[in-house]
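Numbering (our numbering), first residue to last: 216 to 295.
This is the structure in structure tokens:
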């Protein structure tokens, strides 16, 4: 669970200026819609890509992201 993510902060901001019930209904519908899209996308991907390959691709992608983050941190350290 994430506390203070951008969606939660947007709901808090909207509820301070709009009717709380309307914001709650809108946030609930938005959560249901994004969850449904995630389920449909996941099913579609799993029908086309074997799970083992998907795990390997996602692992490689996260290693790439880690390398980019490490490089950026190193570059910022060298520049300071």
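We put the CB at the ideal spot given by N, CA and C, even for glycine.
Residue 208, DSSP secondary structure in three states: Outside the shown range of the chain, which is 216 to 295, sits residue 208, and nothing can be said about it.
What span of residues does the alpha helix (DSSP H) with residue 219 cover, start to end? Where residue 219 is concerned, there is no enclosing alpha helix (DSSP H), given that its DSSP letter is neither H nor E.
In the structure shown, what three-state DSSP assignment does residue 270 receive? Three-state DSSP puts residue 270 in a helix.
Can you tell me where the alpha helix (DSSP H) holding residue 264 begins and where it ends? No residue range can be given for residue 264, since it is assigned to no alpha helix (DSSP H) and is classified by DSSP as neither H nor E.
At the level of alpha carbons, what is the spacing between residue 231 and residue 262? About 43 angstroms.
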